[in-house]
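Scroll down for the structure; my scribbles are underneath it.
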Amino acid sequence: MVRRARFFIQCKEMLELSGCDTAGFDTLCVFQDILNDKYPLTKPDEEIPGDIAEKITDIIKKRCEGYPLQYVLGEWDFWKYTFRVGEGVLIPRPDTETLIENILDICRKNKLQSPKILDLCSGSGCIAITLDKEIPQSEVWAVEKYDSAFEYLEENIRLNNSEVRAVKADVLSPETARKFKDFDIIASNPPYLTAEEMQDLQKEVRAEPETALYGGDDGLDFYREITPVWRNSLKTGGYISYEIGMNQHNSVAEILKSNNFININFTEDTGGIIRIVTAEKQEENKNG
Ligand code: GLN
233 MVRRARFFIQ
243 CKEMLELSGC
253 DTAGFDTLCV
263 FQDILNDKYP
273 LTKPDEEIPG
283 DIAEKITDII
293 KKRCEGYPLQ
303 YVLGEWDFWK
313 YTFRVGEGVL
323 IPRPDTETLI
333 ENILDICRKN
343 KLQSPKILDL
353 CSGSGCIAIT
363 LDKEIPQSEV
373 WAVEKYDSAF
383 EYLEENIRLN
393 NSEVRAVKAD
403 VLSPETARKF
413 KDFDIIASNP
423 PYLTAEEMQD
433 LQKEVRAEPE
443 TALYGGDDGL
453 DFYREITPVW
463 RNSLKTGGYI
473 SYEIGMNQHN
483 SVAEILKSNN
493 FININFTEDT
503 GGIIRIVTAE
513 KQEENKNG
């Protein structure tokens, strides 16, 4: 048996020694999770049974090796919702909340009360499910290719009581795209890291699926491929909204322009990095 307060300090120190710079926060999250107590430190003298302490130690050790906290906990919050996560699926990031804000804005400005929205490379489903919940009359579809991610997508739809329609398919296949028609909005956070960035990933990010991160040599493969293939699934005047990596905005804007999209807009994330590129599909007869 060990007292909570003493054990907390031990775990936090272990994490600090491993170079983790959020040791206190991470330890608190693990205590909350394993002790099933939102305020574990309000009972500093309570004893932790040996087997539970052992379980916590094992988790802290994994965390010391750079295993992501979100995978350890098995779930993570995004916007107002909670998503199950684990190996094989990208962890929802705060940057992606800018994509949500952006799309909610498009719906407000264009008075789209029951938009048809398509989310490509859905992963955990954080984008599709959040939009579905935030726009109650929307019809949201989510496309994801990989088995492991697709299982999380389906589980998250269920857990959030969402009505997102999940489709397991490859977004790079024109046959898949042809089945989707008349959408108001396409959203996507595709893999966008460059070959160089992949060489220099944080330990935690290395535990995430490469298929959700790597966007080819210059990181732009998916924008190049998705844009022409999926533009036909959008109504004229419909919008495409992409999350992008650092300094990719001009290249992605060029890709959109050359596919006959207009009104290209950039939005910064909370860190001041241009994170979202949005564009409108122009009528077919204008400028081919
Ligand atoms: N934002 C992620 C990262 O930088 C990358 C996600 C993606 O490629 N879509 O770790």
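The sequence shown runs contiguously to residue 520 in this note's numbering.
Heads up, the beta-carbon is just placed ideally off N, CA and C, and yes, glycines get one too.
From residue i to residue j, what does the alpha carbon distance come to, in whole angstroms?
i: S473; j: I417; result: 7 Å
i: V262; j: I291; result: 8 Å
i: R463; j: L363; result: 20 Å
i: N392; j: F498; result: 30 Å
i: F415; j: T468; result: 9 Å
i: C339; j: V234; result: 54 Å
i: D253; j: K413; result: 47 Å
i: Y378; j: S465; result: 22 Å
i: G520; j: I476; result: Because G520 sits at a pLDDT of 45, beneath the cut-off of 50, its placement in the model cannot be relied upon, and the point is left open.
i: A511; j: N334; result: 11 Å
i: G503; j: P326; result: 10 Å
i: L273; j: I284; result: 16 Å
i: P422; j: S250; result: 32 Å
i: C296; j: E436; result: 10 Å
Just to check, is the beta-carbon of residue i closer than 7 Å to a non-hydrogen atom of ligand 1?
i: P423; result: yes
i: E500; result: no
i: L404; result: no
i: G256; result: no
i: L331; result: no
i: A444; result: yes
i: V437; result: yes
i: D327; result: yes
i: L452; result: no
i: L322; result: yes
i: G504; result: no
i: G447; result: yes
In chain order, what residues of the same chain lie with their CB nearer than 8 Å to the CB of residue i, ignoring the 5 residues before and after it?
i: A439; result: G298, Y299, P300, Y303 and E319
i: I280; result: M233, V234, R235, R236, F239, L267 and I288
i: D402; result: K377 and T408
i: D277; result: R235, R236 and A237
i: T328; result: F310, C358, I359, N421 and E475
When the Cα of residue i is compared with those of the options, which residue comes out closest?
i: Y271; options: L260, A381 and L305; result: L260
i: D265; options: K287, E248, P281 and P347; result: K287
i: S420; options: D351, G504 and N268; result: D351
i: R456; options: L404, R410 and E428; result: L404
i: Q369; options: S380, L331, R390 and S346; result: S346
i: G357; options: A444, H481, K275 and D432; result: A444
i: V399; options: E278, E428 and G355; result: G355
i: P441; options: D283, M246 and I323; result: I323
i: L247; options: K275, P276, G282 and K293; result: K293
i: Q406; options: G470, I458 and E486; result: It is Pro, not Gln, that sits at residue 406 in the sequence shown. Per the Cα distances, I458.
i: E486; options: V509, M478, G470 and Y471; result: V509
i: Q480; options: I389, E429 and C353; result: E429
Among the residues of its own chain, which have a CB less than 6 Å from the CB of residue i, if the five just before and after it don't count?
i: P460; result: N491
i: K312; result: none
i: Q242; result: none
i: T426; result: D450 and G451
i: E500; result: I506
i: D344; result: One point to set straight first is that residue 344 is Leu, not Asp, in the sequence displayed. Taken in chain order, the residues that qualify are D416.
i: G256; result: K244
i: D181; result: The question about residue 181 has no answer, for the chain in this structure spans 233 to 520.
Among the residues of its own chain, which have a CB less than 7 Å from the CB of residue i, if the five just before and after it don't count?
i: E307; result: T314, F315, R316 and V317
i: L336; result: E366
i: L331; result: I359, A419, N421, S473, E475 and I508
i: E395; result: D364
Report whether the distance from the Cβ of residue i to the nearest heavy atom of ligand 3 is below 7 Å.
i: E475; result: In terms of ligand content, the structure shown lacks ligand 3 and carries ligand 1 instead.
Restricting to runs no shorter than 4 residues, where is the alpha helix (DSSP H) found entirely within the segment 397 to 456?
406 to 410, 427 to 430 and 435 to 438
To test your reading of the DSSP string, which unbroken beta strand (DSSP E) runs of 3 or more residues are found completely within the segment 303 to 353?
307 to 310, 313 to 316 and 348 to 352
Give, in chain order, every unbroken run of the alpha helix (DSSP H) that is at least 4 residues long and sits entirely within the segment 461 to 495.
481 to 490
Whole runs of the alpha helix (DSSP H) within the segment 236 to 274, excluding any shorter than 4 residues:
Counting only unbroken stretches of 4 or more residues, the alpha helix (DSSP H) elements lying wholly within the segment 236 to 274 are 236 to 249 and 255 to 267, in sequence order.
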